[in-house]
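Peer 1: So the sequences go chain by chain: A and B. Quick note: the first sequence uses UniProt numbering, first residue 1, plus one each step. Quick note: the second sequence uses UniProt numbering, first residue 1, plus one each step. Here a beta-carbon is modelled for each residue, glycine too, at the ideal position from N, C-alpha and C.
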Amino acid sequence: MNFFRGVMGGQAAGPQPSGAETIQKLCDRVASSTLLEDRRDAVRALKSLSKKYRMEVGTQAMEHLINILQTDRSDSEILGYALDTLYNLICNDEEEEQDESEDEAMQKQSDDLGAQFTEQFIQDPEHITLILSLLEEFDFHVRWPGVKLLTALLKNQGVQVQGIILVSPMGVSRLMDLLADSREVIRNDGLLLLQQLTKSNAAIQKIVAFESAFERLLDIITEEGSSDGGIVVEDCLLLLLNLLKNNSSNQNFFKEGSYIQRMKPWFEVGDDNSGWSAQKVTNLHLMLQLVRVMVSPVNSPGASASCQKSMYQCGLLQQLCTILMATGVPADILTETINTVSEVIRGSQVNQDYFASVNAPSNPPRPAIVVLLMSMVNERQPFVLRCAVLYCFQCFLYKNQKGQGEIVATLLPSTIDANSISAGQLLCGGLFSADSLSNWCASVALAHALQDNLTQKEQLLRVQLATSLGKPPVSLLQQCTNILSQGSKVQTRVGLLMLLCTWINNCPIAVTHFLHNQENVPFLTAQISENLGEDERLVQGLCALLLGICIFYNDNSLENYTKDKLKQLIEKRIGKENFVEKLGFITKHELYSRAAQKPQPVFLSPEQMLFDHEFTKLVKELEGVITKAVHKSSEDEKKEEDVKKTLEQHDNIVMQYKDLIREQDAQIQELKEQVATMTSQSEQMQTTVTQQLSQIQQHKDQYNIIKLKLGKDSQSQANSQADSQVNGLQTEELSQLREDLEELRQQHTLLQTQLSDKDALINTLRSETAEGSAASDNTEMLKELDALRSQVHSQATEIDQMKTERQELLRKAEAVSSEAVSSSDGSLDAAKMAEVESRLAAQTSETERLKEESKSLSKSRVDLDQQLAAATSTAAILQTEKAQLQTEVQESKKEQDDLLMLLADQDQKIHSLKLKLKALGEPVDDEDDLDARDQTDDDEEDDDEDED
Amino acid sequence: MAYAYLFKYIIIGDTGVGKSCLLLQFTDKRFQPVHDLTIGVEFGARMITIDGKQIKLQIWDTAGQESFRSITRSYYRGAAGALLVYDITRRDTFNHLTTWLEDARQHSNSNMVIMLIGNKSDLESRREVKKEEGEAFAREHGLIFMETSAKTASNVEEAFINTAKEIYEKIQEGVFDINNEANGIKIGPQHPTTNSTLSGNQGGQQAGGGCC
Ligand SMILES: Nc1nc2c(ncn2[C@@H]2O[C@H](COP(=O)(O)OP(=O)(O)O)[C@@H](O)[C@H]2O)c(=O)[nH]1
Ligand SMILES: [Mg+2]
Chain A
1 MNFFRGVMGG QAAGPQPSGA ETIQKLCDRV ASSTLLEDRR DAVRALKSLS KKYRMEVGTQ
61 AMEHLINILQ TDRSDSEILG YALDTLYNLI CNDEEEEQDE SEDEAMQKQS DDLGAQFTEQ
121 FIQDPEHITL ILSLLEEFDF HVRWPGVKLL TALLKNQGVQ VQGIILVSPM GVSRLMDLLA
181 DSREVIRNDG LLLLQQLTKS NAAIQKIVAF ESAFERLLDI ITEEGSSDGG IVVEDCLLLL
241 LNLLKNNSSN QNFFKEGSYI QRMKPWFEVG DDNSGWSAQK VTNLHLMLQL VRVMVSPVNS
301 PGASASCQKS MYQCGLLQQL CTILMATGVP ADILTETINT VSEVIRGSQV NQDYFASVNA
361 PSNPPRPAIV VLLMSMVNER QPFVLRCAVL YCFQCFLYKN QKGQGEIVAT LLPSTIDANS
421 ISAGQLLCGG LFSADSLSNW CASVALAHAL QDNLTQKEQL LRVQLATSLG KPPVSLLQQC
481 TNILSQGSKV QTRVGLLMLL CTWINNCPIA VTHFLHNQEN VPFLTAQISE NLGEDERLVQ
541 GLCALLLGIC IFYNDNSLEN YTKDKLKQLI EKRIGKENFV EKLGFITKHE LYSRAAQKPQ
601 PVFLSPEQML FDHEFTKLVK ELEGVITKAV HKSSEDEKKE EDVKKTLEQH DNIVMQYKDL
661 IREQDAQIQE LKEQVATMTS QSEQMQTTVT QQLSQIQQHK DQYNIIKLKL GKDSQSQANS
721 QADSQVNGLQ TEELSQLRED LEELRQQHTL LQTQLSDKDA LINTLRSETA EGSAASDNTE
781 MLKELDALRS QVHSQATEID QMKTERQELL RKAEAVSSEA VSSSDGSLDA AKMAEVESRL
841 AAQTSETERL KEESKSLSKS RVDLDQQLAA ATSTAAILQT EKAQLQTEVQ ESKKEQDDLL
901 MLLADQDQKI HSLKLKLKAL GEPVDDEDDL DARDQTDDDE EDDDEDED
Chain B
1 MAYAYLFKYI IIGDTGVGKS CLLLQFTDKR FQPVHDLTIG VEFGARMITI DGKQIKLQIW
61 DTAGQESFRS ITRSYYRGAA GALLVYDITR RDTFNHLTTW LEDARQHSNS NMVIMLIGNK
121 SDLESRREVK KEEGEAFARE HGLIFMETSA KTASNVEEAF INTAKEIYEK IQEGVFDINN
181 EANGIKIGPQ HPTTNSTLSG NQGGQQAGGG CC
């Protein structure tokens with residue numbers, strides 16, 4: 001650029017006539033000469049005149065220059081001259097440094113020229129596309145001026161040029177390739193181009209990120225030595241900031257690409273005394289800002305939270321805390337580091353816990369929080385640093401009940417540690433120091449320890465202060481109001497009033513404590529009702545807010561200061577309208593909306609330090625309700641109370657139903673378990689039955705053999721005798737079976753009466769439900785009912801499942817019994833078996849009937865499903881079914897007993913038959929185990945016979 | 001978290017076919033019935049496992065409107081995979097597939113894997129495009145095809161993972177130049193071959209977004 005400086009130097013005169021003529025001649029040559037060399041010389045000449053005769057060259061030669069760019073693509077030299085010339089025409093900021101005499105008017109003129117030529121140039125969007133395509137030329141003489149020209153165009157007409165580049169195919173991607181250029185000048189100017197390109201254009205920012213910008217930029221930063229690097233690092237950081245600021249998609253990409261981890265080494269600057277150059281300070285500043293962009297309170301909470309997590313996990317937060325506690329760090333870096341740490345820990349429990357554990361490397365080690373608070377209440381520290389510490393403290397306590405508890409605990413008598421300075425001591429010191437800024441900061445800090453935390457609000461009421469020797473201690477609350485009434489600086493009083501409002505808000509006990517001091521209410525009413533000057537208005541507003549809270553959160557426990565009494569007081573002493581107007585002074589204050597914007601306390605000057613961000617939220621929340629509360633008559637309030645009560649009642653009803661459902665759930669679980677045990681029991685019984693059946697079969701076989709022998713050997717008389725005996729036995733058995741049946745029948749009737757009872761119960765429940773549903777027309781309740789209904793529904797499904805299970809069991813039991821029946825076809829046993837069969841049939845039919853009953857029951861239950869009371873009846877049905885299941889098990893057991901009896905009978909029979917046989921002269925073995933001996937016995941018998 | 005490969009995807013198709021919902025279902029496992037209109041392009045990411053290897057998917061969800069078409073085009077070149085989505089209950093979105101495909105083929109690298117997706121399969125009663133038609137279109141143009149529902153999550157995992165499998169196979173076959181990041185593929189910090197010995201026990205897919 002030095003070349004041009006000579007041309008422009010000191011020239012303040014207007015264009016010379018010969019200039020315009022020369023330029024015209026040159027233009028003609030550019031346009032008409034057929035010789036490339038000729039054209040090239042002409043363009044070079046135009047270039048040399050383009051600074052001195054900017055206006056003339058611009059108006060006369062622009063078209064020709066563009067033409068050259070289009071037609072002389074093969075000659076990089078002429079392209080370079082043309083681009084340089086266009087750059088000189090369009091660029092505005094070349095002169096700044098070298099011409100001090102240039103006044104503002106001339107700079108303005110230059111700006112105007114630049115804007116005018118830019119507009120002229122981009123009138124045809126193709127011209128931008130043309131430049132983009134020229135950037136693909138590798139030749140340094142083309143690419144470099146091309147980059148600079150495009151940068152200048154973007155500077156002058158950002159939005160339009162961005163729009164054109166965005167829609168030209170691969171436009172942005174091609175510009176990204178500049179970062180890969182091996183020639184540093186081009187890469188560095190490429191960075192400046194991308195900075196302009198990405199300014200406030202989210203779409204372009206995303207494409208640039210998609211084209212791996214993060215990777216490339218982080219690589220360059222590392223290559224250049226991170227914070228120790230030069231202006232290139234600064235440019236990379238500025239571009240990164242452009243890409244990430246207010247762009248959640250790119251932030252997400254940055255996080256997901258694990259690039260947060262790559263920021264950590266940037267901050268490994270700690271205690272090394274490598275010095276702090278201005279460039280290093282700038283670089284670190286930007287690096288800290290990048291961290292803040294990722295965890296800014298304006299981001300979506302989820303996004304910030306996951307970044308905060310990674311910052312802890314990769315050690316970035318720890319690294320920042322090291323800087324925080326290091327010595328020799330420049331004040332502005334320290335301040336920005338505090339602000340950064342603040343946002344990295346804000347609302348993140350893990351990070352807040354870590355922060356609480358950080359110690360300063362002093363002897364003895366002190367918590368970082370304490371060290372920071374010392375600076376906050378220290379008048380000699382820079383204002384911005386004190387603000388940063390306050391912010392850090394606020395962020396530490398934000399959504400951190402544990403931290404709030406720990407801070408308040410340092411003030412409580414039981415936990416005070418006299419040997420070391422605590423956060424609580426520092427805050428109290430600040431609260432009552434002579435420095436109003438300390439008063440304000442300490443008040444706000446303490447208010448944050450109470451934010452949304454009823455426990456700590458009540459705990460803090462216990463704090464007592466020793467004021468001066470010989471006087472009784474005074475409560476912290478009392479001391480705050482004392483100072484308030486002593487008429488200190490506005491800043492002090494505003495701070496204390498904010499603290500008091502936060503403290504007693506939503507805490508009736510604190511309200512009572514506050515009202516208990518007889519001087520407080522008169523003081524407030526006096527403050528509000530007086531006609532004070534402009535600068536007292538905010539204090540008046542805050543006093544009104546405090547009194548309003550005393551009304552709104554009043555539990556009427558002090559007879560002199562009930563809600564009604566306080567309202568009457570306002571009406572008499574202040575006037576409702578006046579009160580509301582004074583209350584409105586808070587939000588109408590010029591600094592209010594500024595503080596409401598973001599959590600960080602930022603003030604142009606110490607005097608402007610009046611509002612706290614969290615407090616503005618409190619005002620927003622309370623202004624309306626207090627206004628309403630003051631206007632409301634006590635009758636209205638009663639009505640409201642009534643509504644609240646009914647609502648509570650409804651809630652109770654819903655709660656009851658919920659409990660009921662919970663109970664029934666438990667019951668169902670229990671029943672399910674019972675079914676399971678019964679299933680296994682029945683399986684066991686089945687095996688026993690099978691075993692017994694096989695035993696019966698054995699006995700039958702034996703019996704048959706004996707019978708055969710009898711038929712073979714004994715007389716028909718004896719035979720008939722035996723028959724009658726057998727018949728006798730059968731009758732005995734039959735009567736027993738009859739008894740069994742009778743018993744079963746009784747059981748059945750019992751069950752039926754139980755069923756009818758349940759029916760009646762269902763009916764009553766049904767009518768109750770009808771009443772219930774008629775009475776409750778609350779939509780909320782209906783919703784609850786719906787939920788309950790669906791629960792009942794799912795219960796019904798469960799019941800159905802249990803039913804099928806039960807039927808399965810029944811079926812199995814039947815199968816077993818029918819098996820037993822079918823397998824016994826011995827002529828003698830047949831009758832008995834038939835008995836058993838008929839009994840089983842009776843049982844089955846009974847079960848069938850029971851099933852029918854239960855079916856009809858479940859039908860009625862399905863009807864009731866729509867009704868809430870169905871839940872109750874369902875349980876009843878379940879219990880009936882359980883009883884049935886138990887009965888069935890009982891029956892199975894009985895069956896088993898019967899079978900055992902049968903066996904015993906048979907044994908007896910066999911025994912008697914044996915006796916008979918003996919009597920008939922047949923030798924019979926007394927042993928049970930006849931099988932094995934049968935053959936030998938027979939043989940022996942035969943032998944005996946033979947011998948006989 | 002360390003990965004063996006990183007694949008870049010884009011999701012394209014007419015507006016309202018459920019592109020953003022598909023991405024949300026894949027990254028966050030949830031469905032948002034009322035979804036903001038996508039302005040330009042939105043980013044999402046998730047880790048999956050293929051062949052025992054961790055693969056990071058970076059996905060750019062694009063706006064379907066014509067006015068954003070030129071912006072969308074900037075993303076084709078650098079993507080390894082594209083999900084081309086239509087809505088089975090709106091025939092017009094199916095009819096526009098040819099235009100989308102031409103656009104994609106023209107601006108992307110030739111190896112880009114394209115998965116055709118017929119979304120909203122849960123709305124069977126309002127179906128306007130038969131599954132067979134989607135299959136036929138895919139066959140004709142050499143695409144993989146799937147019907148999905150971003151609402152019920154049916155086939156959503158499969159759509160993203162099968163696309164990755166296809167890309168992975170192409171890498172194994174040596175079709176992709178994995179050293180050229182412009183193809184939308186990146187080798188992880190941990191070399192895949194050393195990783196494979198470790199990854200024997202990494203069975204199913206990595207769940208949820210917000211890894212690393
Ligand atoms: N029933 C159903 N609705 C869907 C499905 N996917 C998306 N939608 C709905 O379709 C609309 C458009 O979805 P969106 O993801 O914004 O479409 P995009 O414009 O392609 O990103 C929204 O109202 C979604 O709730 C789906 O699989 N089933
Ligand atoms: Mg969308």
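#1: For a test of the three-state rule: what should DSSP assign to A:Q98, helix, strand or coil?
#2: Comparing the CB of B:K19 with every heavy atom of ligand 2, is any distance shorter than 6 Å?
#3: Following a CB-centred definition, is B:L123 positioned closer than 6 Å to any heavy atom of ligand 1?
#4: Which residue comes first and which comes last in the beta strand (DSSP E) that contains B:Q25?
#5: What residue range is occupied by the uninterrupted alpha helix (DSSP H) comprising A:M498?
#6: Taking DSSP as the reference, what is the three-state secondary structure of A:D38?
#7: Can you tell me which of the three DSSP states A:D181 falls into?
#8: Quick one: grab the DSSP three-state call for A:R366.
#9: Identify the contact partners of A:M170 in chain B, using a Cβ-Cβ distance below 9 Å as the criterion.
#10: Could you check the C-alpha separation between A:K206 and B:D122 for me, to the nearest Å?
#11: With a threshold of 7 Å on Cβ separation, who are the neighbours of A:R187 within its own chain once the five nearest residues in sequence on each side are excluded?
#12: Using beta-carbon positions only, say whether B:G64 and B:G184 come within less than 7 Å of one another.
#13: Is B:T38 near ligand 2, in the sense that its beta carbon is under 6 Å from a heavy atom of that ligand?
#14: Which of the three DSSP states, helix, strand or coil, is assigned to B:P69?
#15: Compute every distance between the C-beta of A:K893 and the non-hydrogen atoms of ligand 1, then say whether any falls below 6 Å.
#16: Using the three-state DSSP reduction, which class does A:M170 fall into: helix, strand or coil?
#17: With a 10 Å radius around its C-beta and 16 neighbouring C-beta atoms as the bar for buried, classify A:Q649 as buried or exposed.
#18: Which residue or residues does DSSP assign as beta-bridge partners of B:Q58?
#19: Let me know if A:T118 comes out buried or exposed under the rule of 16 or more other beta-carbons within 10 Å of its beta-carbon.
#20: What are the uninterrupted segments assigned as beta strand (DSSP E) that are 3 or more residues long and contained completely in the segment 68-124 of chain B, given in chain order?
#21: Which value, in whole angstroms, describes the spacing of the CA atoms of residue 970 of chain A and A:E184?
#22: When you compare the CB of A:A203 with every CB in chain B, is at least one pair closer than 7 Å?
#23: I'd like to check one pair, A:Q60 with A:E27: are the Cβ atoms closer than 7 Å?
#24: Quick one: list the residues of chain A neighbouring B:G40, beta-carbon separation under 7 Å, in chain order.
#25: Select from A:V444, A:T525 and A:D452 the residue whose C-alpha is nearest the C-alpha of A:Q491.
#26: Is the Cβ of A:F253 closer than 7 Å to any Cβ of chain B?
#27: Since I believe A:D93 is in contact with A:K148 (beta carbons under 8 Å), could you give me their beta-carbon distance rounded to a whole number of angstroms?
#28: Grab me the residues of A:V172's own chain with a C-beta within less than 8 Å of its C-beta, minus the 5 sequence neighbours each way, in chain order.
#29: Count Cβ pairs between the segment 114-131 of chain A and the segment 73-80 of chain A that sit closer than 8 Å; are there 3 or more?
#30: Just the C-alpha distance for A:P145 and B:E181, rounded to the nearest angstrom, thanks.
#31: Grab me the residues of A:T936's own chain with a C-beta within less than 6 Å of its C-beta, minus the 5 sequence neighbours each way, in chain order.
#32: Can you tell me which of A:Q456, A:L390, A:N453 and A:K457 puts its alpha carbon nearest to the alpha carbon of A:L426?
#33: Find out if the Cβ-Cβ distance for the pair A:I528, A:K582 is shorter than 7 Å.
#34: Since A:Q279 contacts A:I333 with CB under 8 Å, what's their CB separation in whole angstroms?
#35: Within 8 Å, do at least three Cβ pairs link the segment 567-576 of chain A to the segment 353-370 of chain A?
#36: State yes or no: is the C-beta of B:G16 nearer than 6 Å to some heavy atom of ligand 1?
Peer 2: Well, looking at it:
#1: Position 98 of the first sequence holds residue 98 of chain A. Legend: pLDDT at A:Q98 = 48, less than 50; position of this residue unreliable, value from coordinates given subsequently. Coil.
#2: Translated into positions along the second sequence, residue 19 of chain B becomes position 19. Result yes, Cβ under 6 Å from ligand 2.
#3: Here the question's residue 123 of chain B lines up with position 123 in the second sequence. It does: the Cβ of B:L123 is within 6 Å (strictly closer) of some heavy atom of ligand 1.
#4: Working through the second sequence from its first residue, we reach residue 25 of chain B at position 25. That residue, B:Q25, is in no beta strand (DSSP E); its alpha helix (DSSP H) goes K19 to D28.
#5: Within the first sequence, numbered from 1, the residue matching residue 498 of chain A stands at position 498. Looking at the DSSP string, the run of the alpha helix (DSSP H) that includes A:M498 is V490 to I504.
#6: Taking the first residue of the first sequence as 1, we reach residue 38 of chain A at position 38. A:D38 falls in the helix class under three-state DSSP.
#7: Here residue 181 of chain A refers to the residue found at position 181 when the first sequence is read from its first residue. Coil at A:D181, not helix or strand.
#8: Position 366 of the first sequence, counted from the start, is the residue given in the question as residue 366 of chain A. Note: A:R366 maps to strand in three-state DSSP.
#9: Position 170 of the first sequence, counted from the first residue, corresponds to residue 170 of chain A. What A:M170 touches in chain B: R73, S74, R77 and H107.
#10: As a working note, residue 206 of chain A is residue 206 in the first sequence. As a working note, residue 122 of chain B is residue 122 in the second sequence. Answer to the nearest angstrom: the Cα atoms are 33 Å apart.
#11: Within the first sequence, residue 187 of chain A is the residue found at index 187, counting from 1. These residues qualify, in order along the chain: L178, L179 and D181.
#12: Translated into the one-based positions of the second sequence, residue 64 of chain B becomes position 64. Translated into the one-based positions of the second sequence, residue 184 of chain B becomes position 184. Against a cut-off of 7 Å, the Cβ pair of B:G184 and B:G64 comes out as no contact.
#13: Here residue 38 of chain B is taken as the residue at index 38 of the second sequence, counted from 1. For ligand 2, at least one heavy atom lies less than 6 Å from the Cβ of B:T38.
#14: As a position in the second sequence, residue 69 of chain B is number 69, starting the count at 1. A quick correction: the sequence has Arg, not Pro, at residue 69 of chain B. In this structure, B:R69 counts as helix in the three-state DSSP scheme.
#15: Taking the first residue of the first sequence as 1, we reach residue 893 of chain A at position 893. Checking every heavy atom of ligand 1 against the Cβ of A:K893, none is found closer than 6 Å.
#16: On the first sequence, position 170 is the one that residue 170 of chain A refers to. Looking at A:M170 - three-state DSSP - the assignment turns out to be coil, as it is neither helix nor strand.
#17: Residue numbering aside, residue 649 of chain A sits at position 649 when the first sequence is read from its first letter. With fewer than 16 other Cβ atoms within 10 Å, it is exposed.
#18: Stepping through the second sequence from its first residue, residue 58 of chain B is reached at position 58. B:Q58 pairs with B:K8 and B:A45.
#19: If you number the first sequence from 1, residue 118 of chain A lands on position 118. By the 10 Å Cβ count, A:T118 comes out buried.
#20: 81-87 and 113-119
#21: The first residue shown for chain A is 1 and the last is 948, placing residue 970 of chain A beyond what the model contains.
#22: Here residue 203 of chain A refers to the residue found at position 203 when the first sequence is read from its first residue. Taking Cβ atoms only, chain B reaches closer than 7 Å to A:A203, which makes this a yes.
#23: Walking along the first sequence from the start, residue 27 of chain A turns up at place 27. Walking along the first sequence from the start, residue 60 of chain A turns up at place 60. It should be noted that the sequence gives Cys, not Glu, for residue 27 of chain A. For A:C27 and A:Q60, yes; Cβs fall inside 7 Å.
#24: Looking up residue 40 of chain B in the second sequence gives position 40. Result: A202, A203 and K206.
#25: The sequence position of residue 491 of chain A within the first sequence is 491, counting from 1. Checking every option, the nearest Cα to that of A:Q491 belongs to A:V444.
#26: As a first step, residue 253 of chain A is located in the first sequence; it is residue number 253 there, counting from the start. It does: the Cβ of A:F253 has a partner Cβ on chain B nearer than 7 Å.
#27: In the first sequence, counting from the first residue as 1, residue 148 of chain A sits at position 148. In the first sequence, counting from the first residue as 1, residue 93 of chain A sits at position 93. That belief does not hold up - the Cβ atoms of A:K148 and A:D93 are roughly 11 Å apart, past 8 Å.
#28: The count along the first sequence starts at 1 and reaches residue 172 of chain A at position 172. Excluding positions up to five away in sequence, the list reads I165, L166, L197, I204, I207, V208 and E211.
#29: no
#30: Locating residue 145 of chain A in the first sequence gives position 145, where the first residue counts as 1. Locating residue 181 of chain B in the second sequence gives position 181, where the first residue counts as 1. Cα to Cα, the separation comes out at about 28 Å.
#31: Position 936 of the first sequence, counted from the first residue, corresponds to residue 936 of chain A. Because A:T936 carries a pLDDT of 42, less than 50, the predicted location of this residue cannot be relied on, and no value is offered for it.
#32: Your numbering for residue 426 of chain A matches position 426 in the first sequence. Nearest C-alpha to A:L426: A:L390.
#33: Locating residue 528 of chain A in the first sequence gives position 528, counting from the first residue. Locating residue 582 of chain A in the first sequence gives position 582, counting from the first residue. Their beta carbons are under 7 Å apart, which means A:I528 touches A:K582 by this criterion.
#34: Walking along the first sequence from the start, residue 279 of chain A turns up at place 279. Walking along the first sequence from the start, residue 333 of chain A turns up at place 333. About 13 Å; that fails the 8 Å criterion.
#35: no
#36: The sequence position of residue 16 of chain B within the second sequence is 16, counting from 1. Result yes, Cβ under 6 Å from ligand 1.
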